[in-house]
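Counting from 14, one number per residue, gives the positions in the sequence shown under the working numbering. We treat Cβ as the ideally placed atom computed from N, Cα and C, and that holds for glycine.
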Amino acid sequence: MDPDRVLEGLDPEQLEAARALRGPVCILAGAGTGKTRAITHRIAHAVASGVAAEQQILAVTFTTRAAGEMRGRLRALGAPRVQARTFHAAALRQLSYFWPQVVGGPAPTLIDSKLQVVGRAARDCGVDTDRTTLRDLASEIEWCKVTQVRPADYERAAAKAGRTAPMAPVEVARVFEGYEEIRRERNLLDFESMLELTAAMLAERPEIAERVRDQYRYFVVDEFQDVNPLQKLLLDAWLGDRDDLCVVGDPGQTVYSFAGATPAYLTRFAAAYPHATVVRLVRDYRSTPQVVRVANEVLKRGRPAPGGTDQPLELLAQRPDGPDPSYTEYDDEPAEASAVARRIAALIDAGTPAREIAVLFRTNSQSAAYEQALSDAGIAFTVRGATRFFDRQEIRQAVHTLRGARQGGGGDPLAGSVRPLLASLGLTPEAPEGRQARERWESLSALAQLADDVAVQRHRGGCAAPGPDGAPPRPAAGPLPETCACGRPYTATLDDFVEELEARVATEHAPEMEGVTLASLHAAKGLEWDAVFLVGLTEGTLPIVYAETDEQVEEERRLFYVGATRAREYLAMSWALARSPGGRKGRRPSRFLDGLRPASPSLASGRRDRARPGRTVRCRICGNTLTDAAERKVARCADCPADYDEALLERLKEWRRNTAQRLGVPAYVVFTDATLQAVAELEPSDVSGLSRISGVGAVKLERYGEAVLALCAGEEPPAPEEEGERDGG
Ligand code: ATP
Ligand code: MG
């Protein structure tokens, strides 16, 4: 690709970074300013201008998902062979490759969770532990390993760093020592040892260091504010005495100091490399001015980030206006979760794709209430940070099945052949009930979706309506037909798909899951969505109860900043006063909301509404003007008693289930729960009454109007065949 073309679409500062192709480069900038974008273009520029070959570039990102996204963007920029990996993935690859030569014997077993081994070590030391203590012990051991603290030094180091040890420091040190012994005896490798061993291998074996350094000559590290000493050690080992290193980060987004990371490597980069090119970005391209204002307020109120400048950074919004962020208080957690689910349903109804919506929380345990509320509302979701995609049992089975099918029919057309194969593993047309079954179903359907995406991607060139990346746009929800809208069949085969899968398994590149994302604030770093719900914003949760020192509270504030800056347009912040319905309403809203939210929650919704044009809708029961989208939909305040016909709602839901199944789409694509409930409440008797219900647009009226009106009139809906004919005509 033409070197200048890959620089298109960068602003002057981003250009400066992307043009600085040799030597150390540091991009220091706030959230959403295009850091990740700048480095991706810089890499493509280096490749296009011949400064580095694709295979010689190692781009290190924070999560496997971020690595996957970067590979996608690099592919679009004409550099598909650049290695974009996490520190762990890169280390594991090198270590496994050189293991036979360096150590020999059986390769060690990788352990994901330390708990079992820590438990064993604790018992051996005669230390009594429950599960929580075990977790805390495991965290302490991790902290020691990433900060390179040996058992003998733990007591001193922990005191100096202000750690709160889960038990007497001497005991922690003994368990740590025991843990390492067991680990070595059983030939187990944890994530930290993996990095440590790789770095040691490079330090002690010059001939291996030479080979690795010959392979990788050009380094880029994203999210550098959260690098820990162990990762830095490995990075230095990779570099040797060279300096083609570009680092990018935002000290204001440092959220892993508790685990031993430090922004000092970022903030002192220019001191370590006096000849470095340093670029600062301030234009925020991600979020609306309304969201940016929240981010700036949060930054202003916080203390300067560790090692950052005293002057708080101020982001300059570049996008057009959007809705005002909302601040909503609820009586209890289930009420908060179901209201959030209703607002999500309304957003989906209004055209926001589910995968562009996220619910972010401080601790993983908050996830369950939202999983439940979204399930109840018939909204698909995916939980981030759960078991890694390709490690899930159903996905392993699926990959196995697909490999098997390839023996017999590798040349079969891809479109239409994957879903039937996955059906035997539980891919039904509609999502099943129950959390476990549902999770299984969601991952299988992500795999089926991936097959469709691969078929579409390979079907380029000469297609009537190519999209921005040269591939034709993917048809709306549901399985892919055998031919494209341009009239030609999709040509990708099962072989192509299995090949793509093998490549993804090797690089742990999970497919995008259809559905709303549920994630912790930590896992959301670097990502973005159109709509973000920051939930559970109470004292004790954010800041988390064990954040005691000023520094710990500041890290919590930065987490809030990370959360708010994930939103492109909609930002909804909420909290609940009690844990359960009827419980004591003793909670206080997070201190981070002070000065941000309007004085009273009702004012918040009033403001929100002013920005949104539309007709006035009043509550049918009490006559109040309604502002909340979900309330407007049912024409009733959330607090006023519902007066819908329950039997009718049941019949509507049953009809929806059958219809969704027949069309092979998720139920909410037909109608959301909120819309069906509104229908059951309003019982429209004619087309015009039905069309006034929000969520019933022209297309749905045309498709399902007759059936819904029949159900409201207490009649049977017309037979599906007739409906199908109408769909076609
Ligand atoms: P974070 O700190 O959250 O990781 P970031 O600085 O890495 O943010 P990016 O993710 O690179 O920011 O960019 C944020 C959004 O702004 C992306 O959607 C990106 O495509 C867009 N963007 C970045 N730079 C530009 C630009 N010059 N013109 C238009 N859009 C841009
Ligand atoms: Mg980024």
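Contact under 8 Å by Cβ, residue i with residue j
i    : j    : result
A250 : A212 : yes
V130 : V188 : no
Y717 : Q690 : no
L703 : L722 : yes
F394 : G528 : yes
V752 : V64  : Residue 752 lies beyond the stretch modelled for the chain, which goes from 14 to 742, so this question has no answer here.
T99  : A80  : yes
E552 : R517 : no
P37  : L258 : yes
A747 : I56  : What the structure shows of the chain is the stretch from 14 to 742, and residue 747 is not part of that stretch, so it cannot be assessed.
E349 : W542 : no
L724 : W668 : yes
A59  : I70  : yes
R375 : L534 : yes
A390 : A354 : yes
M207 : L105 : yes
A591 : D263 : no
Straight-line gap, residue i to residue j (C-alpha atoms, nearest Å)
i    : j    : result
A464 : A428 : 7 Å
R169 : G175 : 10 Å
A687 : L147 : 44 Å
R435 : G421 : The sequence as given places Leu at residue 435; Arg does not occur at that position. Spanning the two alpha carbons is a distance of roughly 16 Å.
T275 : Q331 : 30 Å
I124 : D508 : 33 Å
G117 : F403 : 28 Å
G335 : G47  : 20 Å
A44  : E310 : 14 Å
A399 : W454 : Residue confidence is low: A399 scores 49 on pLDDT, short of 50, so the model does not pin down where it sits. No coordinate-derived value is stated.
S351 : E659 : 19 Å
S62  : V95  : 15 Å
A536 : G22  : 28 Å
F546 : E217 : 49 Å
T441 : N671 : 13 Å
R432 : W588 : 41 Å
Q385 : L665 : 21 Å
N241 : E443 : 44 Å
R88  : I154 : 39 Å
Y231 : V261 : 14 Å
V558 : E715 : 53 Å
L210 : L360 : 49 Å
Per-residue burial, residue i [other beta carbons within 10 Å of its own, 16 or more giving buried]
i    : result
A235 : According to the sequence shown, residue 235 is Asp rather than Ala. Buried, because 16 or more other Cβ atoms sit within 10 Å of the Cβ of D235.
C497 : buried
D641 : buried
H472 : buried
C743 : Only positions 14 to 742 of the chain appear in this structure, which leaves residue 743 out of reach.
H288 : exposed
A31  : buried
K598 : exposed
E513 : buried
S437 : exposed
S698 : exposed
V712 : exposed
A381 : exposed
R78  : buried
P751 : Lying outside 14 to 742, the shown extent of the chain, residue 751 is not represented and no answer is given.
Local conformation of residue i per DSSP, three classes
i    : result
L555 : coil
L90  : coil
Y340 : strand
I70  : strand
M586 : strand
R98  : strand
T771 : With the chain running from 14 to 742 in the structure shown, residue 771 is simply not present.
P492 : coil
A42  : strand
T562 : coil
C259 : strand
S430 : coil
V159 : helix
P302 : helix
D543 : strand
G741 : Confidence is the limiting factor: at G741 the pLDDT is only 31, short of 50, which leaves the residue's position unreliable, though a coordinate-based value still follows. Of the three classes helix, strand and coil, the one that applies to G741 here is helix, per DSSP.
M207 : helix
Distance cut-off 7 Å: residue i Cβ against heavy atoms of ligand 4
i    : result
G265 : No copy of ligand 4 occurs in the structure displayed; its ligands are ligand 1 and ligand 2 alone.
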